[in-house]
Amino acid sequence: MFYQHLKVALPLLAMLLSQPATAGPMGFDESFMAMGDFNNNWRESFINYAITPRDALGVSATYMRADDKSKSRTLEEVTYTRLLKRWNAPHAQANLWFQGGIGALQGEDKLVGENRDFDKVMITPGVQFDYETTRIYFQAAHRLYRATDINHDYTSLRAGFSFYESDYDKTQPWLILEARNMNGLSEKIEITPMLRLINKNFFVEAGVNNSREPRFNFMYIF
Amino acid sequence: MKKLLLTTIVAATLFSQAAFATQTIKANVNGMVCAFCAQGIEKKMRALTQTKDVYVNLKQRIVAVELKDGQTLSNDKVKAIIKDAGYDVTSIEVSEHPVAHIKAELESKAEAKK
């Protein structure tokens, strides 16, 4: 019975692993991607290098803070990104990604009467699915941020549209709406409408969230 | 003798023109919906020693690679680069027009459709 399942699973796995990659949280083969995601309570910077068309290794630094400022964390980790599956259609593309990391988490909890500091090992496995055409965009991501007695799992949904199609070498503006939540750091869902500008060289987003806080993201491949 | 010399000169000129006629490999590609994502195709193509110019058109789903005079590049190599960049080639052909001509032709077609 086990071997029958294996006979089915192995070819599927081979198919998933056979697709080359770019787009999303890594660049093309033998390129570096730098990315930043910044607001008052979440500041993440990472850089990775595509060692194959579908795999990238990198390092990341993240600062996390609770809405009420009672908790703060810094996480430095090594990361691995892999394209699990890609679908190419004439005017659309969809991708399924794995992103994961392992690293050092330092934290401070401001409790009544005392502050508690800690150092722990954190792991951050997650998946991301995205679908886009030249006019619409959708992305769903879920990533675990786990250490002993710590759960800051992160979930985000993004959807948006472009105001018009652009030539390859022109900048294209988009309106993107994101809803995200960080478990254990925020009780609410953060909603951020953003203006995205994208061309062949850079990708930037800027907006203001439902707490009236600024948000800025960028990606750059070199 | 003069006729032979003249014939030789004309033949040499025609031969050299034929040998160094513009050659552009033109591929139809699926999945190219984002310039930031498709930059890998252009960069990898431009890195080839045979490449004179590259044109990417997202709307028409075209990647065109113009070769330097006297250079050759196989269709399979172009397909492999595009596939490694994360896209699928649905058809590929060789054109005797330079990238500038292909670009002008596609842009005038797009204008005519408006």
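Just so you know, the sequences run in chain order E and L. Going by numbering that gives the first Met the number 0, the letters in the first sequence line up with residues 0 to 221, in that order. Going by numbering that gives the first Met the number 0, the letters in the second sequence line up with residues 0 to 113, in that order. The beta-carbon is built from N, C-alpha and C at its ideal position, and this holds for glycine as well. Computed from a predicted structure; not experimentally measured.
Any beta carbon of chain L sitting closer than 8 Å to that of residue i?
{"i": "residue 28 of chain E", "result": "yes"}
{"i": "residue 209 of chain E", "result": "no"}
{"i": "residue 233 of chain E", "result": "With chain E running from 0 to 221 in the structure shown, residue 233 of chain E is simply not present."}
{"i": "residue 38 of chain E", "result": "no"}
{"i": "residue 24 of chain E", "result": "no"}
{"i": "residue 204 of chain E", "result": "no"}
{"i": "residue 199 of chain E", "result": "yes"}
{"i": "residue 21 of chain E", "result": "With a pLDDT of only 35 at residue 21 of chain E, under the threshold of 50, the placement of this residue in the model should not be trusted, and no figure is reported."}
{"i": "residue 220 of chain E", "result": "yes"}
Going by DSSP, name the residue or residues bridged to residue i.
{"i": "residue 90 of chain L", "result": "L/27"}
{"i": "residue 32 of chain E", "result": "E/47 and E/220"}
{"i": "residue 171 of chain E", "result": "E/197"}
{"i": "residue 79 of chain E", "result": "E/56 and E/99"}
{"i": "residue 176 of chain E", "result": "E/158 and E/192"}
{"i": "residue 27 of chain E", "result": "Answer by DSSP bridge pairing: none, since residue 27 of chain E is not bridged."}
{"i": "residue 106 of chain E", "result": "E/72 and E/117"}
{"i": "residue 122 of chain E", "result": "E/101 and E/145"}
{"i": "residue 0 of chain L", "result": "Residue 0 of chain L is not bridged to any residue."}
{"i": "residue 85 of chain E", "result": "E/94"}
{"i": "residue 38 of chain E", "result": "E/214"}
{"i": "residue 99 of chain L", "result": "Answer by DSSP bridge pairing: none, since residue 99 of chain L is not bridged."}
{"i": "residue 129 of chain E", "result": "E/94 and E/138"}
{"i": "residue 61 of chain E", "result": "E/43 and E/74"}
{"i": "residue 111 of chain E", "result": "Paired residues: none, contrary to the question."}
{"i": "residue 106 of chain L", "result": "For residue 106 of chain L, which the question treats as bridged, DSSP gives no partner whatsoever."}
Considering only C-alpha positions, which residue in the set the options is nearest to residue i?
{"i": "residue 29 of chain E", "options": "E/40, E/42 and E/51", "result": "E/51"}
{"i": "residue 94 of chain E", "options": "E/41, E/130 and E/190", "result": "E/130"}
{"i": "residue 34 of chain E", "options": "E/27, E/47 and E/41", "result": "E/47"}
{"i": "residue 75 of chain E", "options": "E/62, E/165 and E/86", "result": "E/62"}
{"i": "residue 72 of chain L", "options": "L/23, L/7 and L/96", "result": "L/23"}
{"i": "residue 141 of chain E", "options": "E/133, E/149 and E/125", "result": "E/125"}
{"i": "residue 174 of chain E", "options": "E/89, E/193, E/71 and E/188", "result": "E/193"}
{"i": "residue 101 of chain L", "options": "L/91, L/112, L/63 and L/110", "result": "L/63"}
{"i": "residue 68 of chain E", "options": "E/78, E/210, E/109 and E/209", "result": "E/109"}
Is the Cβ of residue i closer than 8 Å to any Cβ of chain E?
{"i": "residue 74 of chain L", "result": "no"}
{"i": "residue 52 of chain L", "result": "no"}
{"i": "residue 32 of chain L", "result": "yes"}
{"i": "residue 111 of chain L", "result": "no"}
{"i": "residue 1 of chain L", "result": "no"}
{"i": "residue 25 of chain L", "result": "no"}
{"i": "residue 38 of chain L", "result": "yes"}
{"i": "residue 42 of chain L", "result": "yes"}
{"i": "residue 47 of chain L", "result": "no"}
{"i": "residue 115 of chain L", "result": "The question about residue 115 of chain L has no answer, for chain L in this structure spans 0 to 113."}
{"i": "residue 77 of chain L", "result": "no"}
{"i": "residue 55 of chain L", "result": "yes"}
Selection of the stretch 59-71 of chain L by Cβ proximity to chain E, strictly under 8 Å: 60
Can you list, in chain order, the residues of the stretch 160-182 of chain E whose Cβ is nearer than 9 Å to any Cβ on chain L? 164, 165, 166, 167, 168, 169, 170 and 171
Counting only Cβ-Cβ distances shorter than 7 Å, please list the residues of the stretch 80-102 of chain E near chain L, keeping chain order. 85, 87, 88, 89, 90, 91 and 92
Closer than 7 Å between beta carbons: that is the criterion. Which residues of the stretch 33-60 of chain E meet it against chain L? 52
Give, in chain order, every residue of the stretch 104-136 of chain E whose Cβ lies closer than 8 Å to some Cβ of chain L. Cβ contacts with chain L: 131, 132 and 133.
Give me the subset of the stretch 96-109 of chain L whose CB atoms are less than 8 Å from a CB atom of chain E, sorted by chain position. Cβ contacts with chain E come from no residue of the stretch 96-109 of chain L.
In chain order, what are the residue ranges of uninterrupted alpha helix (DSSP H) at least 4 long that sit wholly in the stretch 133-165 of chain E? The stretch 133-165 of chain E contains no whole alpha helix (DSSP H) run of 4 or more residues.
Continuous beta strand (DSSP E) assignments of at least 3 residues falling wholly in the stretch 32-97 of chain L: 50-56, 61-66 and 87-94
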